[in-house]
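Q:
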Amino acid sequence: MNIFDMTIHELHTELKSKRISSVEATKALLERIKSVEPQVGSFITVTPEQALATAAVADKRIAEGECNLLTGIPLALKDIFLTEGIRTTCGSRILDNFIPPYSATSWEKLRDRGAVLLGKLNQDEFAMGSSNESSAFGVTRNPWNTAHIPGGSSGGSAAAVAASEAIATLGTDTGGSIRQPASHCGCVGLKPTYGRVSRYGVIAYASSLDQVGPLTRDVADCATMLEAIAGHDPKDSTSVDTAVPDYTASLKNGVKGLKIGLPKEYFIAGLDPDVQSAMDAAIETYRRLGAEFVDITLPHTDYAVATYYLIATAEASSNLARYDGVRFGHRAEADGLLDMYTRSRSEGFGVEVKRRIMLGTYALSSGYYDAYYVKAQKVRTLIMNDFIKAFADVDVMLTPVAPTPAFKIGEKVNDPLQMYLSDIFTIPVNLAGTCALSLPAGFSASGLPIGLQLIGKPFGEEDLLRAGYAFEQATEWHTRKATI
Amino acid sequence: MKISVADVEYAARLARLELTPGEKELFAGQIGAILGYVEKLKELNTEGIVPTSHAVPMENAFREDVVQPSIGVKKALANAPESEGSFFAVPKVIE
């Protein structure tokens, strides 16, 4: 087996028994990156020197008998995570030269466990997009078919796992940005509950929705990554102070008697037939494993996309006000201070970012604030209440991740509304603040991966992971490899 | 919903963005279409519904008022396009 194809737990076994060193594993990944990057474009920055130096330190720790599950494991991060001393662009020209003075808490936690950083991954600019086409550093291609998008905004994080350019990665999810690319690239992706993982040092898009999570080859790896990054952080006042369970310990508990809800609003007429049949097969698998199905309703689903694009853009227009050319990032030649702000921003931001800032600014502007922003916040309450009511009867919900498999590069780039509507099944989870897992669940007739979404109660990640693990044990979708 | 080029110019000024004539036309059409779509929220009666600004019910997160290490002036200025002494330098505000 190729080192670069291994899971965290497989490579860990090799490292622990000293059959493979972390330096060897890191070299294998760096070689792999070199050979497939021209076709995929997962990375914005590769950091070979730092990676090999950290791997050497990890090997020393292992020689001294210290080897936790992440010691010496080569990982990569979406370029939205601040990494001290390593350029962090968030996919934008405006941060082209930005070298962070500190690191994100989630990365510090992985680094402290001895993980090796291979580099920083491509993404939609400021995480605004569903296809990775809005990156200022070139498009990322789907490793299963390079004419197609990998999904977004954590498209590089998903493509890197699928193309075996990293053992696992971190992404962020504001409206589906971990789950949708995971689904399109055939990997496992988790959006934890809002507050479960610190967002300190993660560049903000929409602060009431953003959450950090892992993308991995299997559910056991996902549990390992979540365990490492979860927990309260005094530096993020929205992180919640509840104990982090041993997610790995409960993986094998099975799904006998687990109550799975099927929200009728997610199984609509427009669903791609291949996606529909993958869902039917998944339901059958769970039934065979002893789970019980309950028909449920989330009546305000149809309003989620509209709600999201008002709240997210309003928050973005405020968050992105900090890019003004004063303290960091691009500064334009200008005539006076106001002109400097305006020109720096206009030169530095790409078209999707400008569009969302404009929409958010409009929705917050005098005379429209109540009609748009406050109205959306009220509908958000209705959407949250839908979930609270439905979760009174079920443990988890099962839905598709996306209505179709990955679309073609360029297909929706001129129609933002159509692009936004592709996130219809993932957005409600962010508005409700709860957690959801994307799992490989089949392939389209043309060979593109199809993902299954399990939605959990707030802080119900254990239920998601054990249900995901049971599915994985009963199927072989996650073992298939893109032939790139 | 109809958004005029003047509406776009107004929002652009608030957002400190300078748009090309082409971008103004493009955004007027696209933002109009998106706002037309979000009009559907008006179908819902939200009388008496409390707006949600945050999914997790939390009050202020307080900590002890003690001095913690910070990154310091040198690191804080390292990314500044222009600096002078221990300050960020910007173009003159008052002539």
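As you go down the protein sequences, you meet chains C and P in turn. As numbered in our numbering, residues 1 to 484 make up the first sequence, in order. As numbered in our numbering, residues 1001 to 1095 make up the second sequence, in order. Note that beta-carbon positions come from the ideal geometry of N, C-alpha and C, so glycine has one too.
What residues from chain P crowd round Pro234(C), counting only those whose CB sits closer than 7 Å?
A: Position 234 of the first sequence, counted from the first residue, corresponds to residue 234(C). Correct list: Arg1063.
Q: May I ask you to verify whether the region 219-232 of chain C touches the region 467-475 of chain C, counting CB pairs closer than 8 Å and requiring at least 3?
A: yes
Q: Can you give me the C-alpha to C-alpha distance between Ser317(C) and Val353(C), rounded to a whole angstrom?
A: As a first step, residue 317(C) must be located in the first sequence, where it is residue number 317. As a first step, residue 353(C) must be located in the first sequence, where it is residue number 353. Straight-line Cα distance between these residues: approximately 9 Å.
Q: Return the bridge partner residues of Lys191(C) from the DSSP annotation.
A: Your numbering for residue 191(C) matches position 191 in the first sequence. Partner(s): Ala436(C).
Q: Output yes if chain C places a C-beta closer than 9 Å to the C-beta of Ser1086(P); else output no.
A: Along the second sequence, read from residue 1 onward, the residue named residue 1086(P) stands at position 86. Chain C, which has no Cβ nearer than 9 Å to the Cβ of Ser1086(P), makes this no.
Q: What did DSSP end up calling Thr83(C) once you bin it into helix, strand or coil?
A: The sequence position of residue 83(C) within the first sequence is 83, counting from 1. Residue state, collapsed to three classes: strand.
Q: List, in chain order, every chain P residue whose beta-carbon is nearer than 8 Å to that of Ala432(C).
A: Position 432 of the first sequence, counting from 1, holds the residue named residue 432(C). In chain order: Ala1055.
Q: Is Leu75(C) helix, strand or coil by DSSP?
A: Within the first sequence, residue 75(C) is the residue found at index 75, counting from 1. The answer is strand: DSSP assigns Leu75(C) an E or B state.
Q: So is Val1093(P) in contact with chain C if we call contact Cβ pairs under 9 Å?
A: Within the second sequence, numbered from 1, the residue matching residue 1093(P) stands at position 93. Yes, Val1093(P) lies at the interface with chain C (some Cβ there is under 9 Å from its Cβ).
Q: Going by alpha carbons, who is nearest to Ser106(C) out of Ile357(C), Leu30(C), Gly213(C)?
A: The residue you call residue 106(C) lines up with position 106 of the first sequence. For Ser106(C), the nearest C-alpha among the options comes from Gly213(C).
Q: Suppose you measure from the CA of Met485(C) to the CA of Leu209(C); what does that come to, to the nearest Å?
A: Beyond the ends of chain C as shown, which are 1 and 484, falls residue 485(C); an answer cannot be given.
Q: Please name the residue in Ala51(C), Pro428(C), Thr45(C), Asp79(C) whose C-alpha comes closest to that of Ile203(C).
A: As a working note, residue 203(C) is residue 203 in the first sequence. Taking only the C-alpha atoms, the option nearest Ile203(C) is Asp79(C).
Q: So which residues of chain C does Ala1015(P) contact, with C-beta pairs closer than 7 Å?
A: Translated into positions along the second sequence, residue 1015(P) becomes position 15. Simply Ser317, Ile357, Met358, Thr361.
Q: What is the DSSP secondary structure of Thr1032(P), reduced to helix, strand or coil?
A: Translated into positions along the second sequence, residue 1032(P) becomes position 32. The amino acid at residue 1032(P) is misidentified as Thr; the sequence shows Gly. Residue state, collapsed to three classes: helix.
Q: Tell me whether Phe459(C) sits in a helix, a strand or coil according to DSSP, three-state version.
A: Within the first sequence, residue 459(C) is the residue found at index 459, counting from 1. Phe459(C) falls in the coil class under three-state DSSP.
Q: Going along the chain, which residues of its own chain have a beta-carbon closer than 6 Å to the beta-carbon of Ser1086(P), five neighbours each way excluded?
A: By one-based count along the second sequence, residue 1086(P) stands at place 86. Only Val1073 meet the Cβ criterion.
Q: Check the DSSP bridge columns for Pro506(C) and list the partner residues they point to.
A: Any question about residue 506(C) goes unanswered here, given that chain C covers just 1 to 484.
Q: Give the single residue among Glu125(C), Ala243(C), Lys457(C), Ile388(C) whose Cα lies nearest to the Cα of Thr297(C).
A: As a first step, residue 297(C) is located in the first sequence; it is residue number 297 there, counting from the start. Nearest to Thr297(C) by alpha-carbon distance, out of Glu125(C), Ala243(C), Lys457(C), Ile388(C), is Ile388(C).
Q: Using a Cβ cut-off of 7 Å, pull out every chain C residue sitting near Val1050(P), in sequence order please.
A: Numbered from 1 along the second sequence, position 50 holds the residue referred to as residue 1050(P). What Val1050(P) touches in chain C: Thr381.
Q: Report the option in Met128(C), Pro100(C), Cys187(C) whose CA atom is closest to the CA atom of Leu320(C).
A: If you number the first sequence from 1, residue 320(C) lands on position 320. For the residues Met128(C), Pro100(C), Cys187(C), the minimum Cα distance to Leu320(C) belongs to Met128(C).
Q: Below 6 Å CB to CB, which residues in the same chain sit around Pro234(C) once its five sequence neighbours on both sides are set aside?
A: Here residue 234(C) is taken as the residue at index 234 of the first sequence, counted from 1. Result list for Pro234(C): empty, nothing under 6 Å.
Q: Name the DSSP bridge partner or partners of Asp423(C)?
A: Taking the first sequence and counting its residues from 1, one reaches residue 423(C) at position 423. DSSP, once it has assigned bridges, lists no residue as partnering Asp423(C).
Q: Give the straight-line distance between the Cα atoms of Arg380(C) and Leu95(C), rounded to the nearest whole angstrom.
A: Taking the first residue of the first sequence as position 1, residue 380(C) is located at position 380. Taking the first residue of the first sequence as position 1, residue 95(C) is located at position 95. Computed Cα separation, rounded: 32 Å.
Q: Any C-beta of chain P within less than 8 Å: which residues of the region 240-265 of chain C qualify?
A: Val240
Q: What does Leu190(C) reach in chain P if we use C-beta pairs closer than 9 Å?
A: Translated into positions along the first sequence, residue 190(C) becomes position 190. Neighbours of Leu190(C) on chain P: none; closest Cβ ~17 Å, over 9 Å.
Q: What residues of chain P sit near Thr342(C), judged by a beta carbon separation below 7 Å?
A: The residue given as residue 342(C) occupies position 342 in the first sequence. Correct list: Arg1016, Leu1017, Glu1018.
Q: Does the CB of Val1005(P) have a neighbour CB from chain C at under 9 Å?
A: As a first step, residue 1005(P) must be located in the second sequence, where it is residue number 5. Chain C, which has no Cβ nearer than 9 Å to the Cβ of Val1005(P), makes this no.
Q: Does the beta-carbon distance from Leu15(C) to Ala58(C) come in below 9 Å?
A: Against the first sequence, residue 15(C) aligns to sequence position 15. Against the first sequence, residue 58(C) aligns to sequence position 58. Contact: yes.
Q: For Ala158(C), does the three-state DSSP call read helix, strand or coil?
A: To locate residue 158(C), count along the first sequence from 1; it is residue 158. Helix.
Q: If you measure between the beta carbons of Ala334(C) and Gly348(C), is that distance less than 9 Å?
A: Stepping through the first sequence from its first residue, residue 334(C) is reached at position 334. Stepping through the first sequence from its first residue, residue 348(C) is reached at position 348. Not a contact, by the Cβ cut-off of 9 Å.
Q: As an exercise, report each continuous beta strand (DSSP E) stretch of at least 3 residues that is fully enclosed by the region 197-247 of chain C, in chain order.
A: 211-216
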